[in-house]
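Mapping the sequence shown onto this note's numbering, position 493 (from 1) lands on 508, and the numbers just tick up by one. Glycine included, each C-beta is placed from N, C-alpha and C at the ideal position. Note that the structure is a prediction, hence the values are computed from the model and not measured. Taking it in order: structure first as structure tokens, then the write-up.
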Amino acid sequence: MAMGVESRMDLLSERALMMRESLQRSQTITDNVVSILGSFDSRLSALETAMRPTQIRTHSIRKAHENIDRTLKSAEGILAQFDLLRQAETKILKGPHEDLESYLDAIAQLRKSIRYFSSNKTFKSSDGVLNHANGLLAKAQSKLEEEFKQLLASYRETRSTVLEESLRKLGVEKLSKEDVQRMQWEVLEAKIGNWIHFMRIAVKLLFAGERKVCDQIFGGFDSLSDQCFADVTANSVSMLLSFGDAIARSKRSPEKLFVLLDMYEIMRELHSEMEAIFKGKACVEIRDSAMGLTKRLAQTAQETFGDFEEAVEKDATKTAVLDGTVHPLTSYVINYVKFLFDYQSTLKQLFQEYGNGDDSNSQLASVTMRIMQALQNNLDGKSKQYRDPALTHLFLMNNIHYMVRSVRRSEAKDLLGDDWVQRHRRIVQQHANQYKRIAWTKILQCLSAQGLTSSGGGGSSVGGDGGNSSGASRGLIKERFKMFNMQFEELHQRQSQWTVPDTELRESLRLAVAEVLLPAYRSFAKRFGPLVESGKTSQKYIRYTAEDLERLLGEFFEGKTVTEPKR
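Here it is as structure tokens:
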């Protein structure tokens, strides 16, 4: 056991000794290392001192390389811009005519190059390059403006020609006042109708469509669009309006009034559309010319009214109305007035805009009344041409009745008023009464007992009551019947050729005559007829019964040629 302990102790001592020796060697090595490191440090310090200039040079070289790289890159950028500038210049010098889109791209590139060199003032030649580039840009813009002007001119000429050709194909003609004056009225009337149609088509379709095209092409440039549109449409508008102007300035005549009103009507109808289509300062002349035509048409229409009124009053046509019926002038004037009322709204518009400031209704009524009065004045003059005063009154009765009846059946009644109608109905009645008085007074005197009595004389006589008396001469009675027969036959012969065209008026006039004639004839025949009925020649004196006369009165005013009344 003691051996075991000693062995372990020896082992431990041995290890301890080994550890000491190891530690001693480690220290020696450490000291050596420290010594070596110290030597290295001094040598490194010397080396660093020796290397510092080389490091400085190396840094400078690196910096120089970086500067060279930056310079090369800048040079590459400048060269690229020079290349782009050269390419742009080549395209610009060729001009925009061949390839406008490429030309515009070149201008855009040129602007970029100018901005580039403007921001790189350090480049010593930048000022010279900028001067050259700006000069090139000015030249490019000038060429572009020139090209644009040529394109505008081409556009204007092409579109103007297309519009004019479209109007010609429609049938529009450019006619002078002299051309219009030489035309037959029927031809001119047809051309005016066509012109109204052409105006509507031109404004609503052709000009409206052209305006849309123009606005689309020059969108955002209103003044340019207006000017271009005015240039394109000026000739076409002039072609259309010149015809209207020629009509308005040509010699006035009554039949032209209605076509003048038609033309005025279409100009008023299209006014707002023309104002919208021909907007802007550039189109002011076109708008003014359209408004000028409207005013001239209105003025000429009003002057034609005055002409018509005067022409009616002074009408001296020799048209003979032998039967006393309605004169052609009367029917013409009344139809004219009826036509006026077809244009009532147009006339009111005309009077409102170009009248004397009075209410348009009252102006229209005044014009109508003046025309009607002018007609009456003329009819009064024409009625004096008849030798038979009874026919004079029959003629006036017929014509004024026609006027009254026409007014009552038309819109003129509301305008002229009931007073006018009632006053003229009384005039008709007055002429009817005058006709009866003049035409039938003399024959009615034949049926009067006055002058038939005698104070004794020879010959048979009868009493006034039909019985025997000493007061009535058979010879005088025969003479009265004979005179009555002759006068009635003459009246029948003449007045069955006269005409009362209105059925009601004709029957009324026959009845008025019958109410006076038949009772007087019956009374006379009853009172004095027995004296002559007993003789062999009684039928020679008493030719008609009251019924015969009534039947024959039914033949009056029929416009027939009757040789002799039959029993």
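- Distance from the CA atom of ILE122 to the CA atom of GLY235, rounded to whole angstroms, is 22 Å.
- Here the alpha carbon of VAL352 sits roughly 16 Å from the alpha carbon of PHE366.
- The alpha helix (DSSP H) runs of length 4 or more contained entirely in the stretch 339-414 are, from start to end of the chain, 343-357, 359-369, 375-398.
- DSSP places ALA331 in the coil class of the three-state scheme, outside both helix and strand.
- For THR248, the uninterrupted alpha helix (DSSP H) segment begins and ends at 237-264.
- Look at ALA464 here: in three-state DSSP terms it is coil, with no helix or strand label.
- About 17 Å separates the beta carbon of LEU431 from that of ASN414, a gap too long to meet the 8 Å contact definition.
- Rounded to the nearest whole angstrom, the CA to CA distance from GLU201 to PHE354 is 18 Å.
- In the three-state reduction of the DSSP assignment, THR514 falls in the strand class, which pools E and B.
- Between MET418 and ALA447, the CB-CB gap reaches or exceeds 9 Å.
- According to DSSP, residue pairing for GLU573 in a beta bridge involves THR514.
- Nearest Cα to LEU564 within the set LYS541, PRO534, VAL547: PRO534.
- Put simply, the backbone Cα of ASP322 is about 13 Å away from that of VAL348.
- Measuring C-alpha to C-alpha distances from LYS451 to each of GLU426, ALA464, LYS555, THR407 identifies THR407 as the nearest.
- For the pair LEU108 and LEU125, the Cα-to-Cα distance works out to about 12 Å.
- With contacts defined as CB atoms closer than 9 Å, GLU562 and SER511 fail to qualify as a contacting pair.
- Counting C-beta pairs closer than 8 Å gives three or more between the stretch 316-333 and the stretch 383-393, which meets the contact rule.
- Shown here, GLY110 sits in coil according to DSSP, grouped into three states, outside any helix or strand.
- Each residue's CA atom was taken as its position, placing VAL252 and PRO111 some 34 Å apart.
- The C-alpha of ARG489 is placed about 6 Å away from the C-alpha of LEU546.
- In the three-state reduction of the DSSP assignment, ILE458 falls in the helix class.
- Looking only at GLN242, ARG183, SER425, ASP237, the smallest Cα-Cα distance to GLU300 is reached by GLN242.
- If you draw a 10 Å sphere on the C-beta of GLU104, you find 16 or more other C-beta atoms in it, and that means buried.
- If you look at ARG126, you'll find it in the alpha helix (DSSP H) that goes 115-133.
- A residue is called buried once 16 or more other Cβ atoms fall within 10 Å of its Cβ, and HIS74, having fewer, is exposed.
- Taking a C-beta distance under 9 Å as the contact criterion, ILE281 and ARG174 do not qualify as a contact pair.
- Setting aside the 5 residues that flank it on each side, HIS439 is surrounded in the same chain by ILE415, MET418, VAL419, each with a C-beta closer than 7 Å to its C-beta; the list follows chain order.
- Within the same chain, HIS342, PRO343, LEU344 come within 8 Å of THR334 by CB-CB distance, once the 5 residues on both sides are set aside.
- The beta carbon of ASP517 lies closer than 8 Å to those of ASN413, HIS416, TYR417, ARG420 in the same chain, with the five residues before and after it left out.
- Taking 8 Å as the upper bound for CB-CB distance, GLY259 and LEU308 are in contact here, some 5 Å apart.
- LYS397 is classed as buried because its beta carbon has at least 16 other beta carbons within 10 Å across all chains shown.
- Counting along the chain, ILE557 sits inside no alpha helix (DSSP H), nor does DSSP assign it H or E at all.
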